[in-house]
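Numbering (this note's numbering), first residue to last: 3 to 347. Worksheet for the structure shown next.
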């Protein structure tokens with residue numbers, strides 16, 4: 003029998019839905035059939051989350067090393083960071099304490115992965131304002147991972163079912179995003195996208211490259227980025243043997259990808275890729291007044307370690323109510339397992 007991958011899962015912001023959906027996800031014994039999960043967080047917060055979601059039958063097992071983990075269904079192993087003071091924690095509120103805790107969970111899981119103690123990492127949401135208030139000036143998980151692993155070439159991939167999207171730029175202004183559409187970076191992201199598909203077991207990846215401008219610029223009528231930067235990058239990728247197509251107009255490329263034309267889409271900036279992914283992955287039931295599905299996955303490509311994440315925020319408005327969906331977290335765990343297995347082969 004193949005060795006189960008050890009997956010380190012950060013608890014996320016202690017004031018968020020992260021602890022609750024972590025309990026929900028790890029309450030399913032089937033997760034333990036697929037991997038050996040350990041939560042990086044605070045035992046006191048996880049114990050409180052058991053009550054919130056009505057799963058007090060589950061036991062929390064504190065550990066101070068991976069070797070102490072039980073990896074047993076019905077028990078959640080928690081690498082206890084001992085940062086949160088429950089008397090000061092306000093659920094659903096931004097705070098320095100919660101920001102510090104969320105940051106330290108991420109830093110620790112990166113260390114565990116770099117040291118080979120866990121095979122892959124999964125992150126719950128943190129609050130960017132909170133971690134910056136705590137003195138950690140990063141714009142998100144992706145940048146933290148890049149900094150602490152010494153990675154220069156990386157990109158974000160979003161995934162939902164057969165729709166996968168990578169980005170030329172992410173957390174910058176729209177004005178700056180346009181300036182970042184350069185041949186070298188577009189080619190770099192095409193190459194990373196191709197390798198990601200290979201790592202996921204897609205033998206001959208088909209990569210759709212989006213344009214930046216309406217109608218992909220109409221041969222320079224609506225902008226020259228396609229002519230001067232994107233097309234040269236696609237030609238260079240083809241010269242490397244990569245099956246890249248484009249630039250495809252941004253208003254049609256995602257429908258084509260959903261239809262099976264492409265295994266992955268290279269988007270030019272954050273919202274160009276995020277909006278279509280979340281339209282198909284986030285499903286709100288108006289009659290019931292709740293989200294039926296929040297199921298996208300966020301993966302950082304180009305790192306020396308595996309990192310997958312939920313594709314939603316801290317959802318402070320839902321925190322403490324026990325109603326948040328764990329589906330995105332379960333999907334992130336499954337992606338982390340697949341990529342960890344690939345890394346070992």
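Ideal Cβ positions, reconstructed from N, Cα and C, are used throughout, including at glycine.
Take the Cβ of residue i as the centre, count every other Cβ of all protein chains shown within 10 Å, and call the residue buried at 16 or more, exposed below.
i           : result
residue 342 : buried
residue 139 : exposed
residue 31  : exposed
residue 205 : exposed
residue 5   : exposed
residue 285 : exposed
residue 141 : exposed
residue 175 : exposed
residue 287 : exposed
residue 339 : buried
residue 47  : buried
residue 82  : buried
residue 118 : exposed
residue 165 : buried
residue 67  : exposed
residue 207 : buried
residue 290 : exposed
Can you give me the C-alpha to C-alpha distance between residue i and residue j, rounded to a whole angstrom?
i           : j           : result
residue 263 : residue 247 : 10 angstroms
residue 17  : residue 303 : 28 angstroms
residue 273 : residue 218 : 16 angstroms
residue 267 : residue 69  : 40 angstroms
residue 336 : residue 311 : 10 angstroms
residue 301 : residue 90  : 33 angstroms
residue 56  : residue 332 : 19 angstroms
residue 135 : residue 108 : 16 angstroms
residue 11  : residue 50  : 18 angstroms
residue 245 : residue 275 : 20 angstroms
residue 328 : residue 226 : 43 angstroms
residue 196 : residue 53  : 44 angstroms
residue 97  : residue 316 : 13 angstroms
residue 59  : residue 29  : 9 angstroms
residue 230 : residue 115 : 40 angstroms
residue 221 : residue 228 : 8 angstroms
residue 177 : residue 251 : 19 angstroms
residue 9   : residue 77  : 15 angstroms
residue 277 : residue 236 : 24 angstroms
residue 7   : residue 25  : 19 angstroms
residue 281 : residue 223 : 30 angstroms
residue 121 : residue 216 : 42 angstroms
residue 110 : residue 180 : 35 angstroms
May I ask you to list the residues that DSSP assigns as paired with residue i?
i           : result
residue 81  : 42, 65
residue 309 : 123
residue 169 : 269
residue 287 : 292
residue 302 : 158
residue 7   : 37
residue 12  : 42
residue 246 : 209
Measure the CB-CB distance between residue i and residue j and report whether it falls below 7 angstroms.
i           : j           : result
residue 212 : residue 270 : yes
residue 255 : residue 210 : yes
residue 87  : residue 63  : no
residue 334 : residue 299 : yes
residue 160 : residue 279 : yes
residue 318 : residue 94  : yes
residue 191 : residue 214 : no
residue 232 : residue 188 : yes
residue 185 : residue 234 : yes
residue 133 : residue 106 : no
residue 162 : residue 243 : no
Within 7 angstroms of any Cβ in chain C, is that where the Cβ of residue i sits?
i           : result
residue 318 : In the displayed structure, chain C is absent; only one protein chain is listed.
* Counting pairs of Cβ atoms below 8 angstroms between the region 150-165 and the region 32-45, do you hit three or more? -> no
* To do: Count the CB pairs spanning the region 100-112 and the region 57-76 that are closer than 8 angstroms, and state whether there are at least three.
  => no
* For the region 8-28 against the region 118-136, are there 3 or more C-beta pairs whose distance is under 8 angstroms? -> yes
* Would you call the region 250-263 and the region 181-201 touching, i.e. three or more CB-CB distances under 8 angstroms? -> no
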